[in-house]
Amino acid sequence: TKLAHRMHAGPAHVGTLRVASYSKNVHATMHAPLGDDYFNVMRPMPERDRDFTPVTASIVDRHVLARGSQDKVVENTTRKGKEERPDPTVPTPTCTPSTLQEDPQNFACRASVTSDSDVTLADVNHNRVDELQAADRTLEQIVRYYMNKAHGQGTLGRPLTSVPTANIIGIPTLGPHNQHDCRELKRLLRDIGTGVNQIIPERGLVGNPQNLPRARSNPVPHREIGLVAAVYSDEESGTPYISTTPMGILDTANCIRQMQERVGKWAPVPLNLSVNYEPYIDQQTRFVSQAAWSSRSIDCQNLTGKRAVILGYATHAAAMTKTLAREMGIRICRAGTYCKHDAGRSNERVQGFRDEITVTDDHNEAGDMIARAEPSAISGTQTERHVGKRLDIPRGVISSPVHIQNFPPGYRPYLGYEGTNQIADPVYNSSTPGTEDHLLDLPGGHDTEAVTKLPHAPTEKDLIRNPESQSESSKIPKFVRGKIKGKTEKFARRNGITNITVGVMHAARDSPSA
Amino acid sequence: MKGPETITSERETGNYHTSRPTSRVARSYQKIEDSFPPVVGTKTRGHSPQNAPGVMISAEPRHAMAEPEEGDTSAQPNDHGELKRLCPQIAEDRDPSVITRIGTCTTEIIKMDSEGMAPRMETEVGIPIVVARANGPDHASTQGEDTAPAATAHRCAEHLSVDERDQWPARRPTRPLKPVAALEETNPPLVLSGSLPAMVASQPSSELKRQSVRAAGWLPARRYTDLPSLGAGVYVCGANPFLSRTATTLMRRRKCRLIGAPLPIGPDGTRARTEKICPVFGIQPRGLREREDAMREGSKDYPGLVRGKSVFSMGDNPLEVSPARPPIRCGTIVHEVGIPYMDKQYQAAESAPSRETSRDMCIPMPRVVEKPDNYDQIQRMRESQPDLAITGTANANPPEARGIDTKWSVESTFAPIHGFANARDIPQLVTRSLRRSNVGDPGLYGQSEQ
Chain A
1 TKLAHRMHAG PAHVGTLRVA SYSKNVHATM HAPLGDDYFN VMRPMPERDR
51 DFTPVTASIV DRHVLARGSQ DKVVENTTRK GKEERPDPTV PTPTCTPSTL
101 QEDPQNFACR ASVTSDSDVT LADVNHNRVD ELQAADRTLE QIVRYYMNKA
151 HGQGTLGRPL TSVPTANIIG IPTLGPHNQH DCRELKRLLR DIGTGVNQII
201 PERGLVGNPQ NLPRARSNPV PHREIGLVAA VYSDEESGTP YISTTPMGIL
251 DTANCIRQMQ ERVGKWAPVP LNLSVNYEPY IDQQTRFVSQ AAWSSRSIDC
301 QNLTGKRAVI LGYATHAAAM TKTLAREMGI RICRAGTYCK HDAGRSNERV
351 QGFRDEITVT DDHNEAGDMI ARAEPSAISG TQTERHVGKR LDIPRGVISS
401 PVHIQNFPPG YRPYLGYEGT NQIADPVYNS STPGTEDHLL DLPGGHDTEA
451 VTKLPHAPTE KDLIRNPESQ SESSKIPKFV RGKIKGKTEK FARRNGITNI
501 TVGVMHAARD SPSA
Chain B
1 MKGPETITSE RETGNYHTSR PTSRVARSYQ KIEDSFPPVV GTKTRGHSPQ
51 NAPGVMISAE PRHAMAEPEE GDTSAQPNDH GELKRLCPQI AEDRDPSVIT
101 RIGTCTTEII KMDSEGMAPR METEVGIPIV VARANGPDHA STQGEDTAPA
151 ATAHRCAEHL SVDERDQWPA RRPTRPLKPV AALEETNPPL VLSGSLPAMV
201 ASQPSSELKR QSVRAAGWLP ARRYTDLPSL GAGVYVCGAN PFLSRTATTL
251 MRRRKCRLIG APLPIGPDGT RARTEKICPV FGIQPRGLRE REDAMREGSK
301 DYPGLVRGKS VFSMGDNPLE VSPARPPIRC GTIVHEVGIP YMDKQYQAAE
351 SAPSRETSRD MCIPMPRVVE KPDNYDQIQR MRESQPDLAI TGTANANPPE
401 ARGIDTKWSV ESTFAPIHGF ANARDIPQLV TRSLRRSNVG DPGLYGQSEQ
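Just so you know, the sequences run in chain order A and B. Position 92 of the first sequence, counting from 1, maps to 92 under full-length UniProt numbering, and the rest follow consecutively. Position 415 of the second sequence, counting from 1, maps to 415 under full-length UniProt numbering, and the rest follow consecutively.
Have a look at this one:
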């Protein structure tokens, strides 16, 4: 047993649902007690989704605890197959059935007999994997299911597409800026003359995973989600994957060069394709991305040697570390990840770009580490944003867990060339106000207490507040206290009352006109 | 004439969305400032309060997850030993006056004997340990807010009449709480239950004070050490519809007398409640009708907005029946009111004002659906095309995108809606999205205005 307040990665079933809910024709049936379908809140609220989340809970109640839930799960899975007509229904066990030691595999088998739609079980162990690992596995399980099915029916897409194409693998819901990243990647691929064969999971339909082998490469933008599916596709049909995240100028170029290599190697002779992406990289770096120029510009000189702490999930933390260190000259005093399962690889990738490493999923430990490091900026998750707020250090959010403000309606990719601009902005923004504070505090500031504490209007003095009413107003939440105070005073003045008692406060609240 | 008519309800499959009871318990203990509730459960249990209270979690919340790991569920480590290791940690970090162990479905399934362990732990750690169960299999949303005061009720000091106080230490050897001094007011002690925010809690109290009925205390109180004393001769009255277990505990275990009064929600509810409580203490209530009329006068700008509009309430907490009254008063037609559960006995008093409202407005009582099925409700909503849907956060954006104005039902559980003073807040809450629609849909600006 361990004591925790806040966790970076959620439980396994959330990962499964993130993959399932990205497709419009997939429906997940959770096997969970009442209230565990809070994913249905997590999803449409931050992402402001217009559609009902395709997740239904098969409720585990007292009766289920007594006699097992097989019939109920099978019934509900079948019912959803009828009502929603999804391509696959994904029965999703939560921690409750694994504690109950039930056999989800068996339920899935039985449901696949009675259901009109395919049934692909999300086979993840709640005690052993977290949200990200589960998402990774679920994606692989869906891909495997459909490739096997196609193989059995002899419809597995074998011939390569005539023009070079790529599959984008691993864009789930609830990833910060994921939809923008997907759009940016599609643009990047189009720019270099590569078509998009398949995006999985795709926002529209689950796609046709059996067509995956037709592409020449599988870019996996986030290592955490998609890698297992890409490795499976590589083993099954020999489609190479590219796991370099195109984040930052250098790694974007890196990623494009790897695609060039794949396309070059696989380009059939009759197409006579010249695959030289170097001019594209050069043009984008100099004219589309402003990040390279910005970091040369004199303004960015002030960033040199500033110390920053970076924390997040492995992909974004590593990419951010490399970008800030290599491209902006910021000194990364600590870089870390809470993805303990991928820590080794992640540390290897930031080798030489940071002073020290932190691998922890304990937010208290991370907070203490930041307090000790005393950086001038923090890049992290929402949790680190709060640490920054407490310690009064400028902070930016680069990784989940995130809040609604990290799902901006405006176009804000992290990846590709537009992504480099979007990364550079908050780095400057979080650092400039920091200097501003410093410059203000040094000469004593211009808004000193002597100025701010001046009474706003001398008329307030004619009103007396008795202690009881003062304690009553302390009960009012801070954010409305001023408003209620103003209303009370207005009421008192209008009625010629000079002594504000609790009774007066209540009367003021009751009075509709004030 | 027929006997007392209760609110009739239908029942569906119970496939509906609601919040976890655990997060409600956590919220209710937020009220008791010197408590610290560890929630004993898996990652799922921790992840949901983290997302449900959202930003609240970042402000150093007064709860934590005691998260069983794989080994714990196989009963290899001993539960008592494990928790014994954690409790001193909490005591040292937070120094709470009480630790409340919140059980979840995990503890329920592995049959952790929380109630049995607590007294032993209590003597070992030296801090009172209260056990509140709030597991998903047995509880729905606000029921969590019911188990908390119910569990705490056992810890309140015994109420003593003046002559009994001499033998007081002998009567209650366990942790002594403040004995209540002899009351100046004429009425016997009245304890109100429900964890309302301090600002809202003062409303029902001050309403009674106006009729010179003194409320002796609240359950739960702002501090654990300020809990009111209970016993025979103490009158109790709930301020929320989901406090039936608390009411039962207070009656059966603490021998209190329950006043079955309507809830102080809406001007009519507040009036009917005060009318019910005062006669218990032999007091003739004064000026209630006038106050109710004044309140209604004060919010008379709302009926114009909502008259003739229709409302569909999907239901995720039992706090949906009473707040449906003010909109009905304003001339709204309510198609359906969904609720997770309904304690007909506890809510019996509620049917009178509801019936009265429907009668006054000449409309039938709304259909009440217990344990609703969200999928079926959405089909019904599609048929009836209401002007406003009151739904949980899970089902809010999609109807909005389909042209149905939506209001979050959860807001009624934390918005101030109790008492006369907040009478304006209910129609304000309900009509907010209707008012927004009156502003116009920015999506239509491109079209020519006719």
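All C-beta atoms in this analysis are idealised placements derived from N, C-alpha and C, irrespective of residue type, glycine included.
Asked                                                                                                                                             : Found
Rounded Cβ spacing between residue 311 of chain B and residue 230 of chain B (contact assumed at less than 8 Å)                                   : Actually they do not touch by this definition, with Cβ atoms about 39 Å apart.
Where the alpha helix (DSSP H) containing residue 180 of chain A begins and where it ends                                                         : 178 to 191
Residues in the UniProt region "Disordered" (70 to 101) of chain A having any Cβ partner in chain B nearer than 7 Å                               : 83, 94, 95, 96, 99 and 100
Option in A:99, A:119, A:48 and A:111 with minimal Cα separation from residue 110 of chain B                                                      : A:99
Alpha-carbon to alpha-carbon, residue 122 of chain A and residue 532 of chain A                                                                   : Nothing can be reported for residue 532 of chain A: it is not among the residues displayed for chain A, which extend from 1 to 514.
Any chain A beta carbon closer than 8 Å to residue 100 of chain B                                                                                 : no
Whole-number beta carbon distance between residue 245 of chain B and residue 141 of chain B, since they are thought to touch under 8 Å            : Between residue 245 of chain B and residue 141 of chain B the Cβ distance is about 14 Å, and since that is not below 8 Å, they are no contact.
Reduced DSSP category for residue 69 of chain B - H, G, I as helix; E, B as strand; rest coil                                                     : coil
Within-8 Å CB hit, residue 417 of chain B to chain A                                                                                              : no
Inter-stretch contact at 8 Å, needing at least 3 Cβ pairs: the region 6 to 23 of chain A / the region 37 to 44 of chain B                         : yes
Rounded straight-line distance, which links the Cα of residue 198 of chain B to that of residue 493 of chain A                                    : 27 Å
Strand pairing of residue 407 of chain B, partner residues [DSSP]                                                                                 : B:390
Alpha-carbon spacing of residue 208 of chain A relative to residue 367 of chain B, whole angstroms                                                : 45 Å
Selected residue, minimal CA-CA separation from residue 343 of chain B, among B:323, B:291 and B:319                                              : B:319
Simplified DSSP assignment, three categories, for residue 30 of chain A                                                                           : strand
Beta-carbon spacing of residue 106 of chain B, residue 68 of chain B below 8 Å                                                                    : yes
Straight-line gap, residue 401 of chain B to residue 433 of chain B (C-alpha atoms, nearest Å)                                                    : 13 Å
Neighbour list for residue 103 of chain A in chain B, Cβ cutoff strictly below 9 Å                                                                : Going along chain B, no residue has its Cβ under 9 Å from residue 103 of chain A, so there is no contact; the nearest lies around 16 Å.
Neighbourhood of residue 390 of chain B by C-beta distance below 6 Å, restricted to the same chain and skipping five residues each side           : 313, 407 and 409
Distance between residue 250 of chain B and residue 115 of chain B (C-alpha atoms, nearest Å)                                                     : 19 Å
Nonlocal neighbours in the same chain, by C-beta distance under 6 Å from residue 406 of chain A, ignoring five residues either side               : 176 and 397
Which of helix, strand or coil DSSP assigns to residue 270 of chain A                                                                             : Because residue 270 of chain A sits at a pLDDT of 49, beneath the cut-off of 50, its placement in the model cannot be relied upon, and the point is left open.
Cβ-Cβ distance between residue 329 of chain A and residue 304 of chain A below 8 Å                                                                : yes
Where residue 167 of chain A sits in the DSSP three-state scheme                                                                                  : strand
The region 314 to 333 of chain B touching the region 348 to 363 of chain B, judged by at least three CB pairs closer than 8 Å                     : yes
Short CB-CB distance (under 8 Å) between residue 490 of chain A and chain B                                                                       : no
Any chain B beta carbon closer than 8 Å to residue 56 of chain A                                                                                  : yes
Neighbouring residues, chain B, relative to residue 51 of chain A (Cβ below 7 Å)                                                                  : 398
Cβ-based burial, residue 29 of chain B [other Cβ within 10 Å; buried from 16]                                                                     : buried
Chain-ordered neighbours of residue 472 of chain A on chain B, where CB pairs are closer than 8 Å                                                 : 202
Contacts around residue 112 of chain B, its chain only, beta-carbon distance under 6 Å, and the 5 residues preceding and following it disregarded : 79
Spatial distance of residue 436 of chain B from residue 416 of chain B (CA atoms)                                                                 : 21 Å
From B:278, B:256, B:83 and B:292, residue whose alpha carbon lies closest to that of residue 265 of chain B                                      : B:292
CB contact check: residue 7 of chain A to chain B, cutoff 8 Å                                                                                     : yes
Beta carbon of residue 196 of chain A nearer than 8 Å to that of residue 165 of chain A                                                           : yes
Neighbourhood of residue 54 of chain B by C-beta, 7 Å cutoff - its chain only, sequence neighbours within 5 removed                               : Low confidence applies to residue 54 of chain B: its pLDDT is 48, below 50, so where it sits in the model is not reliable enough to give any reading.
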